[in-house]
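Student: Numbering (my numbering), first residue to last: 44 to 407.
Where is the CB? At the ideal position from N, CA and C, for every residue including glycine.
Please find one structure pasted underneath; my questions will follow.
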Amino acid sequence: MAKSKNKYRLKMGNKPTKNILITGGAGFIGSHVVRLFVNKYPNYQIFNLDVLTYAGNLENLTDIQEKPNYHFIKADINNAKEINTIFNEHKFDSVIHLAAESHVDRSIYDPLAFVKTNVIGTMNLLNAALEIWKGDLEGKLFYHISTDEVYGTLDETGLFTETTAYAPNSPYSASKASSDHFVRAYGETYDLPYIISNCSNNYGPNQFPEKLIPLFIHNIIEEKPLPVYGDGKYTRDWLYVIDHASAIDLAFHKGKNKETYNIGGFNEWQNIDLIKILCEFMDEKLGREKGSSAKLITYIKDRPGHDKRYAIDATKISKELGWKPSVTFEEGLGKTIDWYLGNEEWLINVTSGKYQKYYDKQYS
Ligand code: NAD
Ligand code: DAU
């Protein structure tokens with residue numbers, strides 16, 4: 044639940060110009076968005092609401108936790124009553140919704156958990172926002188953070204645009220697609236002001252090491268096998284997380300009501316090529332013999348329903364809002380590896396306990 048009212052009142056002395064709820068702010072992308080908003084907009088009150096699942100970690104935010112415009116609320120978006128109480132107490136004027144179950148492999152084992160958080164959790168937030176905003180929608184915004192996976196898969200050519208038909212293939216992407224539809228429907232039916240953005244694969248500091256890049260960095264450090272699904276010839280479009288956060292900042296402030304923006308780096312890589320570059324970087328950074336990390340590459344059983352290729356056309360957000368990525372892939376990857384090598388304790392903390400059980404189940 045919300046932290047002590049007295050502390051909150053003390054901080055309200057800052058005359059906030061916006062009361063923004065950011066959900067999932069202790070996770071990977073959310074923590075970068077929270078940091079950006081807290082530092083860049085000291086006049087905004089930023090409320091980070093997160094239940095702290097295995098993927099949520101307040102260690103991601105230690106540098107800003109004492110800032111006067113930052114507030115943490117430990118709560119579950121699946122609990123409608125609690126969410127309504129929090130909205131009534133804080134009267135948010137905007138929501139940036141990132142909280143989700145986010146890992147495709149986990150959605151294959153437990154699809155219902157994804158429906159609960161990604162669909163019902165989103166509905167609870169929509170209902171709570173509508174309840175306090177109805178009658179005065181001026182200046183209000185529900186910004187829903189989504190994924191390119193809702194569009195399904197591409198063959199060797201073509202790009203996902205904002206008008207590509209939805210065709211999700213995994214329980215994760217089906218749950219995200221469903222939540223996107225509900226956001227849109229609340230816009231049409233109740234005139235709820237909203238923006239949706241659909242982003243490609245993110246990488247960077249603080250990503251939980253179940254996703255390809257941090258998992259492989261971690262395994263290389265520990266000299267463990269690098270489990271490549273299928274033939275490794277699946278393609279993803281990679282974006283540095285700080286560039287996703289800057290796109291969210293732009294869309295939040297300058298995006299048009301009821302619009303969708305695709306976000307991506309025009310940076311496609313077949314998994315195996317990316318993995319080979321990562322291995323080269325790691326050999327160099329760890330001072331290991333050239334080729335030693337690549338020897339860990341191990342082809343394993345494919346992911347069921349594995350999408351062949353994702354590629355985002357980010358022309359709309361660049362042309363209309365002037366967004367562009369700030370780093371090349373090589374720069375971003377170098378920074379990412381440096382972060383993981385410099386934050387060994389973070390890595391040890393998040394990979395102990397329950398995570399070990401998941402790892403054994405997924406890769407045994
Ligand atoms: P993440 O798994 O790292 O973080 C998710 C956060 O949500 C965690 O802090 C977790 O504690 C919190 N959370 C989960 N269930 C919750 C609940 N019931 N109540 C409150 N908080 C809850 O995810 P991420 O990779 O940072 O992704 C964030 C958002 O961006 C998601 O909506 C995801 O679909 C979307 N997205 C991710 C990527 C990517 O490459 N990671 C790309 C495009 C879109
Ligand atoms: O496209 C955006 C999506 O990117 C986000 O919406 C998701 O939240 C995020 O998890 C990510 O989904 P992917 O399934 O593309 O990411 P992941 O890192 O799990 O896998 C990237 C590719 O690497 C994919 O083709 C599967 C492959 N892979 C992954 C793992 C974890 C392997 O070959 N081996 C592995 O062990």
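Specify, as a first and last residue, the run of the alpha helix (DSSP H) that aspartate 292 falls within.
Tutor: Position 249 of the sequence shown, counted from the start, is the residue given in the question as residue 292. That run of the alpha helix (DSSP H) goes 284-297.
Student: Inspect the beta-carbon positions of histidine 140 and isoleucine 188 and report whether they are closer than 8 Å.
Tutor: Counting from 1 along the sequence shown, the entry for residue 140 is found at position 97. Counting from 1 along the sequence shown, the entry for residue 188 is found at position 145. A contact, by the Cβ cut-off of 8 Å.
Student: Given 8 Å as the limit, is there contact between the region 97-110 and the region 125-132, that is, 3 or more CB pairs closer than that?
Tutor: No, the region 97-110 does not touch the region 125-132.
Student: Quick one: any contact between the region 325-342 and the region 237-245, if contact means 3 or more CB pairs under 8 Å?
Tutor: They do not touch, by the three-pair rule.
Student: Determine the DSSP secondary structure at serine 218, reduced to helix, strand or coil.
Tutor: Along the sequence shown, one-based indexing puts residue 218 at 175. Here serine 218 sits in helix by DSSP.
Student: Skipping 5 residues on each side, what residues in its chain have a beta carbon closer than 6 Å to that of asparagine 167?
Tutor: Taking the first residue of the sequence shown as position 1, residue 167 is located at position 124. Correct list, in chain order: Ile120, Ala123 and Ile126.
Student: Give me the DSSP bridge partner(s) of phenylalanine 309.
Tutor: As a first step, residue 309 must be located in the sequence shown, where it is residue number 266. Partner(s): none; phenylalanine 309 has no beta bridge.
Student: Should the region 239-252 be regarded as contacting the region 211-218, the criterion being three or more beta carbon pairs within less than 8 Å?
Tutor: In short, these stretches do not touch, since the Cβ pair count stays below three.
Student: Could I get the ranges of all uninterrupted alpha helix (DSSP H) runs contained in the region 340-367, with 4 residues as the minimum, in chain order?
Tutor: The qualifying runs are 358-364.
Student: Can you tell which of Leu364, Ser74, Ile63 and Thr60 has the C-alpha that lies nearest to the C-alpha of isoleucine 285?
Tutor: If you number the sequence shown from 1, residue 285 lands on position 242. Ranking the options by Cα distance to isoleucine 285, first place goes to Ser74.
Student: Of all the alpha helix (DSSP H) runs that stay within the bounds of the region 122-181, which reach a length of 4 or more residues?
Tutor: Within the region 122-181, the complete alpha helix (DSSP H) runs of at least 4 residues are 123-133, 147-152, 154-157 and 164-176.
Student: For alanine 156, which residues from the same chain have a beta carbon less than 6 Å from its beta carbon, with the 5 sequence-adjacent residues on both sides left out?
Tutor: As a first step, residue 156 is located in the sequence shown; it is residue number 113 there, counting from the start. So the list reads Glu144, once near-sequence residues are dropped.
Student: Do you know whose CA, among Tyr401, Gly164, Glu373 and Asn262, lies nearest glutamate 311's CA?
Tutor: For the purposes of this step, residue 311 is taken as residue 268 along the sequence shown, with counting starting at 1. Measuring from the Cα of glutamate 311, the nearest candidate turns out to be Glu373.
Student: Comparing alpha-carbon positions, which option in Val81, Ile315 and Phe90 lies nearest leucine 64?
Tutor: On the sequence shown, position 21 is the one that residue 64 refers to. Looking at the Cα atoms, Phe90 is the closest of the given residues.
Student: When the Cα atoms are used, what is the spatial distance from serine 150 to phenylalanine 130?
Tutor: Within the sequence shown, residue 150 is the residue found at index 107, counting from 1. Within the sequence shown, residue 130 is the residue found at index 87, counting from 1. Looking at the two C-alpha atoms, the distance is approximately 29 Å.
Student: Hey, quick one: how far does the beta strand (DSSP E) through valine 271 stretch, first residue to last?
Tutor: Against the sequence shown, residue 271 aligns to sequence position 228. Run containing valine 271: 269-272, per the beta strand (DSSP E) assignment.
Student: Let me check one thing: in DSSP terms, what residues is glutamate 302 bridge-paired to?
Tutor: Residue 302 sits at position 259 when you count from the first residue of the sequence shown. According to DSSP, which records beta bridges pairwise, glutamate 302 is partnered with Ile238.
Student: Could you spell out where the beta strand (DSSP E) holding lysine 61 opens and where it closes?
Tutor: The sequence position of residue 61 within the sequence shown is 18, counting from 1. Per DSSP, lysine 61 belongs to the beta strand (DSSP E) from 61-66.
Student: Closest to glycine 99 by C-alpha separation, out of Glu109, Gln108, Ala69 and Val77, would be which residue?
Tutor: The residue labelled residue 99 in the question sits at position 56 within the sequence shown. With distances taken between Cα atoms, glycine 99 lies closest to Ala69.
Student: Who are arginine 279's beta bridge partners in DSSP?
Tutor: Against the sequence shown, residue 279 aligns to sequence position 236. In the DSSP output, where bridge partners are listed per residue, arginine 279 has Trp312.
Student: Once DSSP output is grouped into helix, strand and coil, what is the label at aspartate 93?
Tutor: Locating residue 93 in the sequence shown gives position 50, where the first residue counts as 1. DSSP places aspartate 93 in strand when its eight states are reduced to three.
Student: Using only the alpha-carbon positions, how far apart do aspartate 179 and isoleucine 380 sit?
Tutor: Working through the sequence shown from its first residue, we reach residue 179 at position 136. Working through the sequence shown from its first residue, we reach residue 380 at position 337. Using only the alpha carbons, I get a separation of about 47 Å.
Student: Which of helix, strand or coil does DSSP assign to leucine 184?
Tutor: For the purposes of this step, residue 184 is identified with residue 141 of the sequence shown, where counting begins at 1. Three-state result, leucine 184: strand.
Student: How would you call asparagine 86, buried or exposed, if buried means at least 16 neighbouring beta carbons within 10 angstroms?
Tutor: The residue given as residue 86 occupies position 43 in the sequence shown. So asparagine 86 counts as exposed.
Student: Decide if the region 196-214 is in contact with the region 293-305; the criterion is three or more beta carbon pairs, one per stretch, under 8 Å apart.
Tutor: Judged by Cβ distances under 8 Å, the region 196-214 makes contact with the region 293-305, as three or more pairs qualify.
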